[in-house]
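Trainee: I have a structure I would like to understand better, so I am pasting it below and will then ask my questions one at a time.
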Amino acid sequence: MIRVKELWRVYHYKKKTVNAVQGISFKVNKGEIVAFLGPNGAGKTTTIKCLCGIIIPTKGEVRVCGQDPVKKPHKVAAHVGAILEGNRNINWKADPVENIRYFATRRGVPWKVAKKMAVEIVEMLGLSEKIGVPSEKLSRGMQQKVALGVALAHQPEVLLLDEPTLGLDYDASRFMIDYILKLKEQGKAILLTTHQLNIAEKLADRVMIIDRGKIVVDKTLEDLKKEASKNILTLSIDNENLDKAKEKLQDNGFKAEKSGGALDVQYAEPEQLYKIMELLKPIPINGLKTCSPTLEDIFASFKEGNMNE
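First residue of the sequence shown: 1115, per this note's numbering; consecutive thereafter.
Set out below in structure tokens:
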């Protein structure tokens, strides 16, 4: 669906050269959601605009559904739906139906089909009561729904979603998450950028992290969590036994730290839980709970160790 090979985008400002994107390569397959993460200015939006054909690459190869966005922009547009920078891909003066109908026809959908489809999409998105209302007068959540409707108007195979939940309240955000997951089930290839890492964690099959124009991580979410090795087992133990338990675990290679009246033990694999409990058999344990790292924990840890050095 999406194939990028050795993509570069270089800008020249007077005597200054900025390598916005530096030789990145990646794929997004059918029925896959890839979260494209990184700090501001890392190259995320530039990459997405290269995929859309809005920005011309300095060098490298970009293919969307087998087509070159620069040489065959109309063919690529027929396969791609995009939400760029939140809700900016809609006409503020047009109502939801007019927006969806207009952009559908621009992408090759016949007028009669677009007219019917626009009404159906508006109903599906729960915007029927807003027909006739200019988009500029809608709430942020409703504008985002219109933007999604515009992206879906021509039934694209590929979706490029730049901050699709930006500024949404809980209900609107929940709707967007559920709907994106439905699109994945339909076989859409989805590239998603967001600064809301809890949203990325709910949606992504794979995570790519870009920093200063280079992809520094490209792994499944499951593998990323395994490699983080920061699963925490919190044990509630009487104060008189805390030091004894901590020493026993540390002597056997576990990282253990006291936290109030409890002991936090770091482990990598679930199988290690059995060993921990075996080591502490002689010590009474009043309670326990486990906690796995979130994508936010992983990203923060990675950023501290690898970014902006």
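Heads up, the beta-carbon is just placed ideally off N, CA and C, and yes, glycines get one too.
Taking C-alpha atoms, which residue in L1356, E1410, E1336 and V1379 lies nearest to I1397?
Mentor: It is L1356 whose Cα lies nearest to the Cα of I1397.
Trainee: Less than 8 Å between the beta carbons of C1164 and R1123, yes or no?
Mentor: Taking 8 Å as the cut-off, the Cβ atoms of C1164 and R1123 count as close.
Trainee: Quick one: any contact between the region 1190-1199 and the region 1266-1276, if contact means 3 or more CB pairs under 8 Å?
Mentor: yes
Trainee: At which residue ranges does the region 1219-1268 contain complete beta strand (DSSP E) runs of 3 or more residues, listed in the order of the chain?
Mentor: Counting whole runs of 3 or more residues, the region 1219-1268 contains no beta strand (DSSP E) stretch at all.
Trainee: Which of helix, strand or coil does DSSP assign to N1133?
Mentor: strand
Trainee: In the structure shown, what three-state DSSP assignment does Q1364 receive?
Mentor: In the three-state reduction of the DSSP assignment, Q1364 falls in the helix class, which pools H, G and I.
Trainee: Only counting the same chain, and skipping five residues up and downstream in sequence, which positions put a Cβ closer than 6 Å to that of V1260?
Mentor: I1204, P1210, N1213 and S1249
Trainee: Quick one: using the 10 Å Cβ neighbour count with 16 as the cut-off for buried, is S1406 buried or exposed?
Mentor: exposed
Trainee: Straight-line CA distance for K1189 to L1252?
Mentor: 32 Å
Trainee: Quick check on the DSSP output: the beta strand (DSSP E) that includes M1322 runs from which residue to which?
Mentor: Per DSSP, M1322 belongs to the beta strand (DSSP E) from R1320 to D1325.
Trainee: DSSP has R1202 in a bridge; who is on the other side?
Mentor: In DSSP, R1202 forms no bridge with anything.
Trainee: Identify whether M1421 lies in helix, strand or coil by the three-state DSSP scheme.
Mentor: Confidence is the limiting factor: at M1421 the pLDDT is only 47, short of 50, which leaves the residue's position unreliable and the question unanswerable from this model.
Trainee: Sorted by chain position, which residues of the same chain lie with C-beta nearer than 7 Å to Q1136's C-beta, five sequence neighbours on each side aside?
Mentor: Here Q1136 has W1122, G1327 and K1328 as same chain residues with Cβ atoms under 7 Å from its own Cβ, once five neighbours each way along the sequence are excluded.
Trainee: Whole-angstrom Cβ separation of K1341 and T1308, contact assumed at under 8 Å?
Mentor: Per the sequence shown, residue 1341 should be read as Glu rather than Lys. No, E1341 and T1308 are not in contact; Cβ-Cβ is about 22 Å, not under 8 Å.
Trainee: Buried or exposed for T1161, going by 16 or more other Cβ atoms inside 10 Å?
Mentor: Buried: at least 16 other Cβ atoms inside 10 Å.
Trainee: With DSSP collapsed to three states, give me the class of Q1181.
Mentor: In the structure shown, Q1181 adopts extended strand secondary structure according to DSSP, grouped into three states.
Trainee: Could you compute how far the alpha carbon of L1377 sits from the alpha carbon of K1395?
Mentor: One C-alpha to the other measures close to 15 Å.
Trainee: In whole angstroms, what is the alpha-carbon distance linking M1238 and T1219?
Mentor: 19 Å
Trainee: With DSSP as the reference, label S1406 as helix, strand or coil.
Mentor: coil
Trainee: Name the one or two DSSP bridge partners that G1401 has.
Mentor: S1350
Trainee: Given a cut-off of 8 Å, decide if M1256 and L1241 are closer than it, judged by their beta-carbon atoms.
Mentor: Result yes, Cβ atoms of L1241 and M1256 sit closer than 8 Å.
Trainee: Straight-line CA distance for I1070 to T1334?
Mentor: Past the boundaries of the shown model lies residue 1070; the chain is included only from 1115 to 1423, so the question cannot be answered.
Trainee: If you reduce the DSSP assignment to three classes, tell me which class A1359 lands in.
Mentor: helix
Trainee: Helix or strand or just coil, what does DSSP make of A1314?
Mentor: Shown here, A1314 sits in a helix according to DSSP, grouped into three states.
Trainee: Determine the closest residue to N1312 out of Y1216, I1412, E1175 and D1182, with distance taken between C-alpha atoms.
Mentor: When each option's Cα is compared against that of N1312, the closest is I1412.
Trainee: Closer than 6 Å by C-beta to K1362: which residues in its own chain qualify, once you throw out the five before and the five after it? Chain order, please.
Mentor: Once the five neighbours on either side are set aside, the close Cβ partners of K1362 are L1393.
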